[in-house]
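For reference, the structure discussed in these notes is given below.
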Amino acid sequence: MITEDKDINYNQFIKNTMIKGLSLFIILNFMFSFVPKGGNIGGISLYNRVFPGRARLPFGENPRNAYNLSLYDLATMFASHEINAGPKPDEEYRVILIGDSATWGILLEPEDTIGGIINSNNLKSCDGRKVYTYNLAYPSMSLLKDLMILEIALTYDPDLIIWPITLESFPVQNQIQTPLAANNPHIVEPLIDRFELSVTDYLSDINHPSFWDLTLVGRRRTIFDALQHQFYGVLWAATGIDQTYPINYTPAQQDFLEDDTMFHGWSSPILPVEKLCVDIIKAGHILANGIPILLVNEPILISKGKNSEIRYNYFYPRWAYDHYRTLIQNQAQHSGWHYVDLWDVIPVAQFTNSAVHFTPQGAFLYYQQLEQPLKEFLCQ
Amino acid sequence: MSLLQTLLLVAFALLIRLVFPGKIRSWVILAVSIVAIYWLQPALPIRQLDFWFPTATLGIVFLSWGLTAEKNAIRDCENLKTMGFTFSIVMLISLTRYVSIEGIITASRPPKVFNIALVFFIFSGLTVLLVQHLNTKKSFIVFGIFLILCIFLILKNPLLSIFSSSQLRFLFSQNPTLAKKTDLGWLGFSYLSFRIIHVLVDRLHGRLKDIKLGEYLIFTIFYPSFLAGPLDRMQRFRRGFNQLNPITSEDTFQNLARLSRGLFRKFILADALAVFSISSINATQVKSSGWLWVITIAYSFQLFLDFAGYTDIAIAAGGFLGFNLPENFNRPYLQSNLTQFWNRWHISLTQWIRAYFFNPLTRYLRRNSRIHVIIVILITQVSTMIVIGLWHGISLNFFIWGIWHGFGLFIHNRWSNTFGLRIKTLGEKQQGLQPFIHASGLLLTFFYTSIGWVWFSLPEADLAWQTLLRLFGKG
Chain P
508 MITEDKDINY NQFIKNTMIK GLSLFIILNF MFSFVPKGGN IGGISLYNRV
558 FPGRARLPFG ENPRNAYNLS LYDLATMFAS HEINAGPKPD EEYRVILIGD
608 SATWGILLEP EDTIGGIINS NNLKSCDGRK VYTYNLAYPS MSLLKDLMIL
658 EIALTYDPDL IIWPITLESF PVQNQIQTPL AANNPHIVEP LIDRFELSVT
708 DYLSDINHPS FWDLTLVGRR RTIFDALQHQ FYGVLWAATG IDQTYPINYT
758 PAQQDFLEDD TMFHGWSSPI LPVEKLCVDI IKAGHILANG IPILLVNEPI
808 LISKGKNSEI RYNYFYPRWA YDHYRTLIQN QAQHSGWHYV DLWDVIPVAQ
858 FTNSAVHFTP QGAFLYYQQL EQPLKEFLCQ
Chain A
1430 MSLLQTLLLV AFALLIRLVF PGKIRSWVIL AVSIVAIYWL QPALPIRQLD
1480 FWFPTATLGI VFLSWGLTAE KNAIRDCENL KTMGFTFSIV MLISLTRYVS
1530 IEGIITASRP PKVFNIALVF FIFSGLTVLL VQHLNTKKSF IVFGIFLILC
1580 IFLILKNPLL SIFSSSQLRF LFSQNPTLAK KTDLGWLGFS YLSFRIIHVL
1630 VDRLHGRLKD IKLGEYLIFT IFYPSFLAGP LDRMQRFRRG FNQLNPITSE
1680 DTFQNLARLS RGLFRKFILA DALAVFSISS INATQVKSSG WLWVITIAYS
1730 FQLFLDFAGY TDIAIAAGGF LGFNLPENFN RPYLQSNLTQ FWNRWHISLT
1780 QWIRAYFFNP LTRYLRRNSR IHVIIVILIT QVSTMIVIGL WHGISLNFFI
1830 WGIWHGFGLF IHNRWSNTFG LRIKTLGEKQ QGLQPFIHAS GLLLTFFYTS
1880 IGWVWFSLPE ADLAWQTLLR LFGKG
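Here the protein sequences come in this chain order: P and A.
Here the first sequence is numbered in this note's numbering, starting from 508 and rising by one per residue.
Here the second sequence is numbered in this note's numbering, starting from 1430 and rising by one per residue.
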């Protein structure tokens, strides 16, 4: 009899536990769908509290060895960056770098990136503030992605924005393709609407989450990644490593086919200007609202291999890139943008695994050319 | 084992318990266990080896049973039925080669059915020969143990593994120069070998009655404990086998609770700690000894939670099936000395080693030599821990790990012999000191084992030594 009573109690207990557990799970899922994407939850971080903030936005294709992984939640990404460490110190002249993988620093240690080199040169503004650069670039070529980052970066009170650009970031079809833009409709769409950006033909590339995608189960991957990102904080703090540095890599392509002259399906002699998102650069200037922006046409590899007389590199046929340079130069003059063209300042030997990725020596040559234009802003 | 695989196997355990009553249950358990050893075997670079290893597992189990079975045991209808049943399951698995070019149950496409049947008949024929025509089995049992240890040696020693892999690659017309030590990843062999050796030794010494092939098969390849233990004993296991009790709500509740704890420990805590636990890569990259301590201690907890989590899952799954598997961990990091730690860490393995290595060696040395008792303690403790170390892998780092713990146990033995009573009396006289003494012992034990894990976690002995130096601010 005692066993039976016990059995009945346990039966009841299991049943109750199951029902309560299931109910809580359903309620929690339902409630979670009301938590906005990119809301305050993403801002909860151990970085800048327990671990030092990261020197670059999180990005990693090999998390196990890079101690870094790619996230799409910008709130989580910014929360782990050193820019989020606290209010801007009075003695700091804050420079923000946005841009692509060249600025982020693929195959470069944080101190060897262009941002790292600026910081190591102990520059001071005319009012005595120490120049400190925050690397907010992200490895994908899209001006819209840069604009998204810029919008958030502006909340951190910068004194100067350096925006390295390259032609590959301009084609309209490249703008929303990047996962960071495609997975953040709540940031991208208001920007597109506000500035009437010319990307409207590609709005279908934006991933709009369904109700189920917003539940706890639907967002399990995002939550898991955000948690994992926190755990990698230990190794970031312990090693200072945030990407893998392979000893051997495939060097950037220098030989090309003789008829390889197309750029995104466009052929010589001129680029279709309406298909290049110059309007995003304009939007960036409006968004900056008076905070100076230094536009930099970033260095590219000028190859010396087979058929290099028709192509500069893997990305660019000569005709397209030359036209782009003229176009931006004219646009900058016309719009009064601060613009420097540093496209050829790095010799071919200083490029690594891509036509826009360079060695520490390459980055230093780049800095040497950038230093003077940068200094001109420090006294404004 | 992934979370999905774990959940599926546990769900099977529950299903078997609920759907199949009494005798049929053991047949279903056998079938699922056979399928599981094929299903869990990871893909291997040597062609079809991921099928032949589980097949060899069954073959070795058959042959070792043949060595221990009573004469005419093969005429027992039940044993014959088991053999036929095993053959049928393996054939069914092999037939999946006609369903898909890639493996469905197996990691890759199974070999030709005829080849499998042939190998199976060879194993079965040899088993029948061993049972029926071997009159004096003692030397054959010893030889069997020797063979199992040889296979163990090949699988666990990197040099022998690479050599054997290159030979196998040559045999299967693959490039021998690509041989790697990981090529011979025979799933569950460490546990399988110790289970078989235990049965062979106990049968040899008459400590174990005749075993039916069915219960022996289930004992050796019982799927909840096949991968990561616990290392059960036949005497204990067959009690559960013979008393497949009806399900009670209390059992179900306790097993569910145990399962939840296991899943939480393994897939949440251990996997989270694994992200930043010490490894060959990060050990060289960490900039300060403080962080090196952090990742070393993280490894201590990760290893415990991973292993203890698996044990919880295995015990819960075993419980669902009606088997009461032994405990493997009992708060090891809360012990105040190394002896207590080893009484509570991987309990089933340490008990196995104690029974089949430590005790016989101690008896032998005490009876047959004039060595001083203290030297006997030193030899037995160090050699026992070396054996435990080498069970994990026959390489220098595990050897040193064994020595580290062997000496630790010896030092503790001498310490407690010399000062133990005095410290205990002091603690009793001054009650305030008791927590301090306990905490000191606990911390010392924890840090001693954590430092030992450096040898355990880093396969290169040089790197482990450098890491140890760096932990103490040198190097």
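Backbone N, C-alpha and C fix where the C-beta goes; we use that ideal spot for every residue, glycine too.
Host beta strand (DSSP E) of residue i (start-end)
{"i": "residue 1544 (chain A)", "result": "First-last for residue 1544 (chain A): 1542–1562, but that is the alpha helix (DSSP H), not the beta strand (DSSP E)."}
{"i": "residue 800 (chain P)", "result": "800–804"}
{"i": "residue 603 (chain P)", "result": "599–604"}
{"i": "residue 1433 (chain A)", "result": "Premise fails: residue 1433 (chain A) lies in the alpha helix (DSSP H), 1432–1448, not in any beta strand (DSSP E)."}
{"i": "residue 848 (chain P)", "result": "845–848"}
Integer-rounded CB distance, given that residue j should sit under 8 Å from residue i
{"i": "residue 1856 (chain A)", "j": "residue 1866 (chain A)", "result": "5 Å"}
{"i": "residue 1486 (chain A)", "j": "residue 1646 (chain A)", "result": "The Cβ separation is near 10 Å, so there is no contact."}
{"i": "residue 1776 (chain A)", "j": "residue 1759 (chain A)", "result": "7 Å"}
{"i": "residue 830 (chain P)", "j": "residue 802 (chain P)", "result": "Actually they do not touch by this definition, with Cβ atoms about 17 Å apart."}
Beta carbon proximity, residue i to chain A, threshold 8 Å
{"i": "residue 569 (chain P)", "result": "no"}
{"i": "residue 746 (chain P)", "result": "yes"}
{"i": "residue 893 (chain P)", "result": "Past the boundaries of the shown model lies residue 893 (chain P); chain P is included only from 508 to 887, so the question cannot be answered."}
{"i": "residue 572 (chain P)", "result": "yes"}
{"i": "residue 521 (chain P)", "result": "yes"}
{"i": "residue 876 (chain P)", "result": "no"}
{"i": "residue 738 (chain P)", "result": "yes"}
{"i": "residue 735 (chain P)", "result": "yes"}
{"i": "residue 828 (chain P)", "result": "no"}
{"i": "residue 508 (chain P)", "result": "Note on residue 508 (chain P): pLDDT 38, under 50, position unreliable in the model; the coordinate value appears next. It does not: the Cβ of residue 508 (chain P) has no partner Cβ on chain A nearer than 8 Å."}
{"i": "residue 555 (chain P)", "result": "no"}
CB contact below 8 Å: residue i versus chain P
{"i": "residue 1711 (chain A)", "result": "yes"}
{"i": "residue 1724 (chain A)", "result": "yes"}
{"i": "residue 1716 (chain A)", "result": "yes"}
{"i": "residue 1679 (chain A)", "result": "yes"}
{"i": "residue 1701 (chain A)", "result": "yes"}
{"i": "residue 1705 (chain A)", "result": "yes"}
{"i": "residue 1682 (chain A)", "result": "yes"}
{"i": "residue 1720 (chain A)", "result": "yes"}
Limits of the unbroken alpha helix (DSSP H) element including residue i
{"i": "residue 625 (chain P)", "result": "621–627"}
{"i": "residue 1626 (chain A)", "result": "1618–1633"}
{"i": "residue 672 (chain P)", "result": "First-last for residue 672 (chain P): 667–672, but that is the beta strand (DSSP E), not the alpha helix (DSSP H)."}
{"i": "residue 640 (chain P)", "result": "That residue, residue 640 (chain P), is in no alpha helix (DSSP H); its beta strand (DSSP E) goes 637–642."}
{"i": "residue 830 (chain P)", "result": "825–842"}
{"i": "residue 655 (chain P)", "result": "650–660"}
{"i": "residue 1788 (chain A)", "result": "1788–1797"}
{"i": "residue 1683 (chain A)", "result": "1678–1692"}
Rounded straight-line distance, which links the Cα of residue j to that of residue i
{"i": "residue 794 (chain P)", "j": "residue 604 (chain P)", "result": "15 Å"}
{"i": "residue 707 (chain P)", "j": "residue 666 (chain P)", "result": "32 Å"}
{"i": "residue 510 (chain P)", "j": "residue 1658 (chain A)", "result": "Low local confidence applies: a pLDDT of 46 at residue 510 (chain P) is under 50, so the model's placement there is unreliable, and no value is given."}
{"i": "residue 1624 (chain A)", "j": "residue 1545 (chain A)", "result": "25 Å"}
{"i": "residue 1725 (chain A)", "j": "residue 624 (chain P)", "result": "34 Å"}
{"i": "residue 1778 (chain A)", "j": "residue 1505 (chain A)", "result": "33 Å"}
{"i": "residue 1660 (chain A)", "j": "residue 648 (chain P)", "result": "56 Å"}
{"i": "residue 1791 (chain A)", "j": "residue 1593 (chain A)", "result": "35 Å"}
{"i": "residue 1598 (chain A)", "j": "residue 1531 (chain A)", "result": "20 Å"}
{"i": "residue 1662 (chain A)", "j": "residue 1799 (chain A)", "result": "34 Å"}
{"i": "residue 1679 (chain A)", "j": "residue 1746 (chain A)", "result": "15 Å"}
{"i": "residue 1632 (chain A)", "j": "residue 1590 (chain A)", "result": "31 Å"}
{"i": "residue 871 (chain P)", "j": "residue 619 (chain P)", "result": "8 Å"}
{"i": "residue 1603 (chain A)", "j": "residue 1596 (chain A)", "result": "10 Å"}
{"i": "residue 1570 (chain A)", "j": "residue 1630 (chain A)", "result": "8 Å"}
Heavy atom of the ligand HEM within 7 Å of residue i beta-carbon
{"i": "residue 537 (chain P)", "result": "Because no ligand of any kind appears in the structure shown, any question about the ligand HEM cannot be addressed here."}
Next on the checklist: Taking contact to mean 3 or more Cβ pairs, one atom from each stretch, closer than 8 Å, check whether the stretch 848–867 of chain P and the stretch 805–816 of chain P are in contact.
Outcome noted: Because the criterion of three Cβ pairs below 8 Å is met, the stretch 848–867 of chain P and the stretch 805–816 of chain P touch.
Item to check | Cβ pair count under 8 Å reaching 3, the stretch 1678–1692 of chain A against the stretch 1712–1722 of chain A | outcome: Judged by Cβ distances under 8 Å, the stretch 1678–1692 of chain A makes no contact with the stretch 1712–1722 of chain A, as fewer than three pairs qualify.
Item to check | the stretch 828–845 of chain P / the stretch 777–788 of chain P touching (three or more Cβ pairs under 8 Å) | outcome: Pairwise C-beta distances place the stretch 828–845 of chain P in contact with the stretch 777–788 of chain P, as three or more of them are shorter than 8 Å.
Checklist entry - If you pair each beta-carbon of the stretch 650–660 of chain P with each one of the stretch 1442–1460 of chain A, do three or more pairs fall below 8 Å? => result The stretch 650–660 of chain P, when compared against the stretch 1442–1460 of chain A, does not touch it at the 8 Å Cβ threshold.
Checklist entry - So, do the stretch 638–648 of chain P and the stretch 768–777 of chain P have three or more beta carbon pairs nearer to each other than 8 Å? => result Here the stretch 638–648 of chain P does not lie against the stretch 768–777 of chain P, with fewer than 3 beta-carbon pairs under 8 Å apart.
Checklist entry - Using 8 Å as the threshold, is the stretch 1607–1623 of chain A in touch with the stretch 1474–1483 of chain A, meaning 3 or more CB pairs across them? => result Result yes; three or more Cβ-Cβ pairs closer than 8 Å.
Checklist entry - If we count Cβ pairs, one from each stretch, closer than 8 Å, do we get three or more for the stretch 701–718 of chain P versus the stretch 685–692 of chain P? => result Yes: at least three Cβ pairs fall under 8 Å.
Checklist entry - Can we say the stretch 1753–1773 of chain A touches the stretch 1864–1882 of chain A, given the rule of at least three CB pairs closer than 8 Å? => result The stretch 1753–1773 of chain A vs the stretch 1864–1882 of chain A: in contact.
Next on the checklist: Across the stretch 1577–1596 of chain A and the stretch 1812–1832 of chain A, are there enough close Cβ pairs to call them in contact, namely three or more that are closer than 8 Å?
Outcome noted: Using a Cβ-Cβ distance cut-off of 8 Å, the stretch 1577–1596 of chain A and the stretch 1812–1832 of chain A are in contact, since at least three pairs of beta carbons, one from each stretch, lie closer than that value.
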